[in-house]
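Chains as they are written, first to last, in the working numbering: chain X, 1 to 268; chain H, 1001 to 1234; chain B, 2001 to 2131.
Where a beta carbon is used, it is the ideal one built from N, C-alpha and C, also for glycine.
To start, the structure itself, in structure tokens.
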Amino acid sequence: MLGKLMKYELRATGRMMLPLFLLTLLLGVFTRMSTAVVQHTHTNITESLNMLLIFAFVLALVGTAVFSVVLMVVRFRNNLMTDEGYLMFTLPVSVHQLLWAKLLVSMLWFVAVFCVDALAILLAIYEDGMLAGLPEFIRSAFENMDRYYAVNGLLYMLEFLGVLLVSMVTACLLFYAPISIGNSFATHKTLLSVVFYFVIQTVLQIVTVFGFAFSARTVNDVIMPSLASSPTRAAHLLFLSVLGYSLIIGTILYVLTWFMLRKRLNLQ
Amino acid sequence: MPILECNNLTKTYAGVTALDHIDLAIDPGRIVGLLGPNGSGKTTLIKLAAGLLQPTQGQILIDGKKPSPETNAVLSYLPERIALSQWMKVTQVLDFFCDFYKDFDRAAAEAMLAQLQIAPNQVLKQMSKGTKEKVQLILAMSRKAKLYLLDEPIGGVDPATRDYILHTILSNYNPEAAVIISTHLIGDVEQILDEVVFLSRGQIALHDSCEAIREQQGKSVDQLFREVFKCWEN
Amino acid sequence: MSWEFQDHLPIYAQLMDTLKRRIVTGRYLPGEKLPSVRELAAEAGINPNTVQRAFSELERDGLIYTQRATGKYVTENEADIKSAREALARTQVADFLRAMQSLGFSVGDVIVLLQSFKESEEEIKHADSGM
Chain X
1 MLGKLMKYEL RATGRMMLPL FLLTLLLGVF TRMSTAVVQH THTNITESLN
51 MLLIFAFVLA LVGTAVFSVV LMVVRFRNNL MTDEGYLMFT LPVSVHQLLW
101 AKLLVSMLWF VAVFCVDALA ILLAIYEDGM LAGLPEFIRS AFENMDRYYA
151 VNGLLYMLEF LGVLLVSMVT ACLLFYAPIS IGNSFATHKT LLSVVFYFVI
201 QTVLQIVTVF GFAFSARTVN DVIMPSLASS PTRAAHLLFL SVLGYSLIIG
251 TILYVLTWFM LRKRLNLQ
Chain H
1001 MPILECNNLT KTYAGVTALD HIDLAIDPGR IVGLLGPNGS GKTTLIKLAA
1051 GLLQPTQGQI LIDGKKPSPE TNAVLSYLPE RIALSQWMKV TQVLDFFCDF
1101 YKDFDRAAAE AMLAQLQIAP NQVLKQMSKG TKEKVQLILA MSRKAKLYLL
1151 DEPIGGVDPA TRDYILHTIL SNYNPEAAVI ISTHLIGDVE QILDEVVFLS
1201 RGQIALHDSC EAIREQQGKS VDQLFREVFK CWEN
Chain B
2001 MSWEFQDHLP IYAQLMDTLK RRIVTGRYLP GEKLPSVREL AAEAGINPNT
2051 VQRAFSELER DGLIYTQRAT GKYVTENEAD IKSAREALAR TQVADFLRAM
2101 QSLGFSVGDV IVLLQSFKES EEEIKHADSG M
């Protein structure tokens, strides 16, 4: 069932994301072409057009990323908290499945945005021989990491990826939770959702500050020495603590969201 | 075993008691009318059965089990609102129902859509409200469910469509399933009902078979309803 | 289009009446198979259990019988059909007389009135054939 939910989630969101991706990639290609034109004919017109195009391209790069976040939030609200909720919550699926379908697909789009933007940039700055040189470039990057920082590049990547993915899920939940809380009220649902968003943000800030203050001693006694002795270990510890932090916050937000949707659903 | 059972079912929100210790049992093979003025608790009862609300006290059971994904699989719910994704085409909605509901009869749905001349490639957003309601009804009636919960199925439609809807409900009759129709258009629906439940201010004012009402009171359910819920005193 | 039913009588009784009429007037012939419960319910726009009850009562009265696995059939007993027809006629007459009584006509008055109806009908027929 989760797979099926994800399928429809992808379809519903893809119809907006894919055209944006296409636009971004096309603008990348056009930018590249325009740059080439400018290199050949330095006129005011071509230079201004080139500037305009680059501007549009950057707008597309940023816009696609921003839009994916907005879409994720709007999709959650429209599909679960408005009339469509009457269908979604009466399907033979659990609230967990409904949530994870949205979380996983949102993550997929975030990663996709990154890839598409990277690809678009590559297209925009493409020089002959770049593609051929790519494997060499990656290999040497890893070699450098190994040599200069005595670090296993691959492990780093995986840890980084883990933190990234957990953060993405937590970031989504940071919106899902207040929306689901706002919905549980009879009136002013949207207003209350916004209010709770800020409430949660504030609580998190306070918790983080306290957390830092609290762990100041541990930082001094445990982490600092290890930083001196083994930078690798320190880096790992850093990653793990960020991961742990994200996981805890994410779990709390997930449980909160699940509870609101399962026990306090109030569709109008 | 009753298909729908309410035991001491209570729901309060913000100090208002929408349902007040309701006891109800609906057996399979029955077509039941859930009647009552606005604010009587009809919609609350239906939402509780559909799992969209949680009881404050007491319990509600579908085929002996609490509302869950498992009971959703045997429950066909027709909401009052249009709950379908408006960007979808009719065929995509059919795909959706086939995907999630094992008991969905696609061929039956397609036949009914053709009968009502609803083009399969039309996008929902472009349809009139009445047509969307028909699509939703067809989807609900194409499920081979154990319990059908129809919330105001004939409220906003023209008389010919009303007839079609009632006819569809009767043609799909399954002696192992129950149909609960929440409506205030009693006169139109009365003939197809086995029993009626009158809800008033969160309590069951009456639960009887239609024929018994006619035999004992000498009036139709519609007339009885008007008497019971008279809005003014002479 | 569903059938019309009156408000103050149980629907099964009204359905029974309609079915009886169809049987006695020959619309359903002796031995003919009746529509299934579901078909009749959908056609008449009424609840299937109501149809079932009407059928059961008619079966009790001997006008129809069930053949398991195939359905319900009109009785082949012509005598039973005839007496049902008579019973319906008598009910019709009783209703008529009651209505006339409320207008102040006794049974004797009604007979006189019927006689005059019969005579004027014959006059018209005579006049027609003479033309």
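- Span separating the alpha-carbon of residue 1084 (chain H) from that of residue 1184 (chain H): 24 Å
- Out of H:1218, H:1136 and H:1086, state which residue places its alpha-carbon closest to the alpha-carbon of residue 2006 (chain B). H:1218
- Item | Closest residue to residue 16 (chain X) among X:88, X:63, X:172 and X:215 (Cα-Cα distance) | X:63
- Applying the criterion that 16 or more other CB atoms from any shown protein chain within 10 Å of the CB defines a buried residue, is residue 1980 (chain B) buried or exposed? Chain B is shown from 2001 up to 2131; residue 1980 (chain B) falls before or after that span and cannot be answered.
- Task: Could you tell me whether the Cβ of residue 88 (chain X) comes closer than 9 Å to any Cβ of chain H?
- Result: yes
- Query: Can a CB atom of chain H be found closer than 9 Å to the CB of residue 2063 (chain B)?
  - Reply: no
- Could you give the DSSP three-state label for residue 1182 (chain H): helix, strand or coil? strand
- Message: Need the endpoints of the beta strand (DSSP E) that residue 93 (chain X) sits in, please.
- Response: No beta strand (DSSP E) contains residue 93 (chain X), which DSSP labels as neither H nor E.
- What are the boundary residues of the alpha helix (DSSP H) that includes residue 2056 (chain B)? 2048-2060
- Output yes if chain X places a C-beta closer than 9 Å to the C-beta of residue 1100 (chain H); else output no. yes
- Query: In whole angstroms, what separates the C-alpha of residue 2069 (chain B) from that of residue 1228 (chain H)?
  - Reply: 44 Å
- Query: Residue range of the alpha helix (DSSP H) that residue 50 (chain X) falls in?
  - Reply: 44-76
- Query: At what residues does the alpha helix (DSSP H) containing residue 1261 (chain H) begin and finish?
  - Reply: A question about residue 1261 (chain H) goes unanswered here, because the residues of chain H that appear run from 1001 up to 1234.
- Message: Can you tell me whether residue 2010 (chain B) is buried or exposed? The criterion is at least 16 other CB atoms within 10 Å of its CB, across all chains shown.
- Response: buried
- Task: Give the straight-line distance between the Cα atoms of residue 2061 (chain B) and residue 2092 (chain B), rounded to the nearest whole angstrom.
- Result: 19 Å
- Query: If we ignore side chains and look at the alpha-carbon of each, how far apart do residue 1144 (chain H) and residue 1075 (chain H) end up?
  - Reply: 9 Å
- Item | Chain-ordered neighbours of residue 93 (chain X) on chain H, where CB pairs are closer than 7 Å | 1069
- Task: Answer yes or no: does any C-beta atom of chain H fall closer than 9 Å to that of residue 1 (chain X)?
- Result: yes
- Straight-line gap, residue 2066 (chain B) to residue 6 (chain X) (C-alpha atoms, nearest Å): 53 Å
- Exposed unless 16 or more other CB atoms sit within 10 angstroms - verdict on residue 1195 (chain H): buried
- Message: The beta strand (DSSP E) that contains residue 1321 (chain H), what's its start and end?
- Response: Within the shown structure, residues of chain H are numbered from 1001 to 1234, placing residue 1321 (chain H) beyond reach of any answer.
- With a CB to CB cut of under 8 Å and the five nearest residues on each side skipped, what residues in its chain are close to residue 1066 (chain H)? 1059 and 1060
- In three-state DSSP terms, what is residue 1163 (chain H)? helix
- Message: For a cutoff of 9 Å on Cβ pairs, would you count residue 1229 (chain H) as touching chain X?
- Response: no
- Message: Quick check on residue 1209 (chain H): does DSSP put it in helix, strand or coil?
- Response: strand
- Item | Own chain partners of residue 168 (chain X) with C-beta closer than 6 Å, once the 5 adjacent residues on each side are dropped | 107 and 110
- Identify each residue in the segment 1009-1032 of chain H for which the Cβ-Cβ distance to at least one residue of chain B is less than 8 Å, and report them in chain order. 1029, 1030 and 1031
- Task: For residue 12 (chain X), return the contacting residues in chain H, with the cut-off set at a CB-CB distance below 8 Å.
- Result: 1085 and 1087
- Item | Boundaries (first-last residue) of the beta strand (DSSP E) holding residue 1005 (chain H) | 1004-1013
- Should the segment 1161-1179 of chain H be regarded as contacting the segment 2037-2047 of chain B, the criterion being three or more beta carbon pairs within less than 8 Å? yes
- residue 1003 (chain H) at chain X interface by Cβ criterion, 9 Å: no
- To which residues of the same chain is residue 73 (chain X) closer than 7 Å at the C-beta, ignoring the five residues directly before and after it? 175
- Task: Taking only beta carbons into account, state which residues of the segment 1162-1187 of chain H come closer than 7 Å to chain B, listed in chain order.
- Result: 1163, 1166, 1167, 1170, 1171 and 1173
- For residue 1033 (chain H), which residues does DSSP report across the bridge? H:1181 and H:1196
- Task: Please determine, among H:1101, H:1091 and H:1095, the residue with the shortest C-alpha to C-alpha distance to residue 91 (chain X).
- Result: H:1101
- Query: What's the gap between the Cα of residue 84 (chain X) and the Cα of residue 1071 (chain H)?
  - Reply: 19 Å
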